[in-house]
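A.B. asks: Below: one structure in structure tokens.
Protein chains in written order, with our numbering: chain A, 1 to 316; chain B, 1001 to 1316.
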């Protein structure tokens, strides 16, 4: 299959957007932004052996995860996702079927949100499969929610349950795009982030950017079944996994006490999506109030970035 | 060096843009597009051993090439470049110095054009160095120049000289951003592309998108000194290299006869930047009129994309 027919294949497969002026196949793609104020952009790169393992998942799963993790970043700003460019480095002698399955995985998720693949680059190398997706978004009349707006006495909410995502959720999660937009549209959200590094690690990003501290209540942390399951294998507690495992892609939300109550009671979220797990305090760092009543400082733990050896992962 | 200090290092190093609302360090970057009509987007991925060879060039060179090749794509639309996101997969145990040199290379080029790095992702894997840059651009009141507007009797112009870029120009080229914008602003350009795959291969992209053919004049093709030099080694003619070598990153411009004359004589380009190398004809494919007078059909040749084995490179 030549480049031209591969582009034709892509053009025909996907749902098109009306604001895409030039899609795949020219020097640049062009998006009509005349009715937008802001253009959001986020990117994620994933490589076989680090972010996924092709011995344990399909290439279609990889496509799903690669686009969904980007959508989760747009969700964390409370904005809309629009279009993506997809770059892939395939191992040498990759089959056409394998390549197409990657795109099928991307569309499994992208079509649901009417995200169009408007460009990309396909290369091959003496390299494991490496995929880099850049996703664009727009404000849709809303203000993007930053990490830096947390205030003392704010409440800390979280969606879903946490921990043990490695047992499956890290591939098969649903990005909280709908929730992010609803929160931004109907409430005043002070800060928000998606939990990709781990609850305490991502909470710590908010705390550092906002120059505040936090206290968490042990008995409110929504520990997942997967966290309980994996705890049996690792010897750590389920709570440990809920606090430090990455890639749950849930939302961590910082709101005033009044707004927190409104969010939790809102008919917009009939499924009891949110749990209040703590509050923002002055000072720095994270403390945990245990069920027994004592309070202890805990270290943000999770997927650690750009360590001294520069041998880990860090999203900029 | 932790992630936070690496982000700080990046924040301090680069020239900032006023339209960047949120730069590096949040879930998404945010660009103010309220005064733009169109947002351009292009992406290039490069891997060690295929697009560059770290045994023969520095990692700083790699950074330069990675951003410059993207700028060349925006140049080929005749528009302005604004901001970039940079994703890198470093081989395991990469040093901090090596990583920083890559960014220094990017800024060597980006700062010249006031392009700000507003986000990215840094990972590591059991993989050769792989870099993926996505560049955004804006219309600046101009209409992006597509590949599809070539008309019968139009002239074919090209900037610079061609061939043998592998001897150095493929790393150390200057993207023709200034020329692209000037052409778009002051003339009516029917179609434009940058020569990354090779003259005949890229011309063929225009011909296919525009449903026309072309005739080239042998004695007008601007054969570079590098093409002559490399021809001595390969046994091919210098002309062969000028026609088929990739990565010269010159512009190939399709204009009416009247506009061609104006471009060639314009004071905007005092350096005699352009050569007229042929014209657009009806039918399909490329023919060459040789200096001796005979005309022969030639096959578009160059860096071939997405071959049957899916083992080559293809920009979508």
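Just so you know, even glycine gets a beta-carbon here, dropped at the ideal spot from N, CA and C.
Between A:299, A:181, A:65 and A:157, which lies nearest to residue 258 of chain A when the distance is taken from Cα to Cα?
C.D. replies: A:157
A.B. asks: What are the start and end residues of the alpha helix (DSSP H) that includes residue 1264 of chain B?
C.D. replies: 1257-1265
A.B. asks: Interface residues of chain A around residue 1087 of chain B at Cβ under 7 Å?
C.D. replies: When 7 Å is used as the limit between beta carbons, residue 1087 of chain B is near these residues of chain A: 43, 45 and 132, in chain order.
A.B. asks: Should residue 1083 of chain B be flagged as near chain A, meaning a C-beta pair shorter than 9 Å?
C.D. replies: yes
A.B. asks: Quick one: using the 10 Å Cβ neighbour count with 16 as the cut-off for buried, is residue 14 of chain A buried or exposed?
C.D. replies: buried
A.B. asks: Tell me whether residue 173 of chain A sits in a helix, a strand or coil according to DSSP, three-state version.
C.D. replies: Residue 173 of chain A carries a coil assignment under DSSP once its states are collapsed to helix, strand and coil.
A.B. asks: Under 8 Å by Cβ, that's how I've got residue 1044 of chain B and residue 1133 of chain B pegged, so tell me the actual separation to the nearest angstrom.
C.D. replies: The beta carbons of residue 1044 of chain B and residue 1133 of chain B sit about 6 Å from each other, so the pair counts as a contact at 8 Å.
A.B. asks: Identify every residue that forms a DSSP beta bridge with residue 279 of chain A.
C.D. replies: A:155 and A:215
A.B. asks: Please state whether DSSP places residue 1207 of chain B in a helix, a strand or coil.
C.D. replies: helix
A.B. asks: Taking Cβ positions only, does residue 209 of chain A come closer than 9 Å to chain B?
C.D. replies: yes
A.B. asks: Less than 9 Å separating the beta-carbons of residue 266 of chain A and residue 209 of chain A?
C.D. replies: no
A.B. asks: Roughly how many whole angstroms lie between the Cα atoms of residue 1083 of chain B and residue 230 of chain A?
C.D. replies: 42 Å
A.B. asks: Hey, does residue 1079 of chain B have any beta-carbon neighbour from chain A nearer than 9 Å?
C.D. replies: yes
A.B. asks: Pick helix, strand or coil for residue 148 of chain A, following the three-state DSSP scheme.
C.D. replies: coil
A.B. asks: Threshold first: 3 residues or longer. Then list the beta strand (DSSP E) segments lying entirely within the region 22-47 of chain A, N to C.
C.D. replies: 29-32 and 38-47
A.B. asks: Would you say residue 285 of chain A faces chain B, with C-beta separation under 9 Å as the test?
C.D. replies: no
A.B. asks: Per the DSSP calculation, residue 57 of chain A is bridged to which residue(s)?
C.D. replies: Answer by DSSP bridge pairing: none, since residue 57 of chain A is not bridged.
A.B. asks: Suppose you measure from the CA of residue 241 of chain A to the CA of residue 200 of chain A; what does that come to, to the nearest Å?
C.D. replies: 11 Å
A.B. asks: Using alpha carbons as the reference points, say which of A:126, A:58, A:28 and A:92 lies closest to residue 101 of chain A.
C.D. replies: A:58
A.B. asks: Which whole runs of the alpha helix (DSSP H) in the region 1052-1139 of chain B are 4 residues long or more, in chain order?
C.D. replies: 1059-1075 and 1096-1110
A.B. asks: Identify, in the order they occur along the chain, each residue of the same chain with its Cβ nearer than 6 Å to the Cβ of residue 1176 of chain B, setting aside the five sequence neighbours on each side.
C.D. replies: 1075, 1159 and 1251
A.B. asks: Is it buried or exposed for residue 233 of chain A, if we count other Cβ within 10 angstroms and need 16 for buried?
C.D. replies: exposed
A.B. asks: Would residue 49 of chain A count as contacting chain B if we go by Cβ distances under 9 Å?
C.D. replies: yes
A.B. asks: Figure out for me which residue from B:1036, B:1055, B:1282 and B:1225 has the closest Cα to the Cα of residue 1169 of chain B.
C.D. replies: Checked all of B:1036, B:1055, B:1282 and B:1225; the closest Cα to residue 1169 of chain B is B:1225.
A.B. asks: Around the C-beta of residue 270 of chain A, are 16 or more other C-beta atoms found within 10 angstroms, so that it is buried, or is it exposed?
C.D. replies: Result: exposed.
A.B. asks: When burial is assigned at 16 or more other CB atoms within 10 Å of the CB, is residue 211 of chain A buried or exposed?
C.D. replies: exposed
A.B. asks: So for residue 254 of chain A, helix, strand or coil by DSSP?
C.D. replies: strand
A.B. asks: Cα-Cα, which of A:11, A:280 and A:119 is closest to residue 151 of chain A?
C.D. replies: Ranking A:11, A:280 and A:119 by Cα distance to residue 151 of chain A puts A:280 first.
A.B. asks: Which residue marks the beginning of the alpha helix (DSSP H) containing residue 242 of chain A, and which one marks its end?
C.D. replies: 238-244
A.B. asks: Going straight from the alpha carbon of residue 94 of chain A to that of residue 120 of chain A, what length do you get?
C.D. replies: 18 Å
A.B. asks: For my contact list, residue 1222 of chain B and residue 1161 of chain B are in at a C-beta cut-off of 8 Å; report their separation, rounded to the angstrom.
C.D. replies: Yes, they are in contact, since the Cβ atoms of residue 1222 of chain B and residue 1161 of chain B sit about 4 Å apart, within 8 Å.
A.B. asks: Taking the C-alpha atoms as reference points, what is the distance between residue 1292 of chain B and residue 1278 of chain B?
C.D. replies: 16 Å
A.B. asks: Where does residue 1187 of chain B sit, in a helix, a strand or coil, going by DSSP?
C.D. replies: coil
A.B. asks: Helix, strand or coil, according to DSSP, for residue 269 of chain A in the structure here?
C.D. replies: Note: residue 269 of chain A maps to coil in three-state DSSP.
A.B. asks: Would you say residue 28 of chain A reaches chain B, if we count a Cβ-Cβ gap shorter than 9 Å as a contact?
C.D. replies: yes
A.B. asks: Going along the chain, which residues of its own chain have a beta-carbon closer than 7 Å to the beta-carbon of residue 39 of chain A, five neighbours each way excluded?
C.D. replies: 33, 136 and 138
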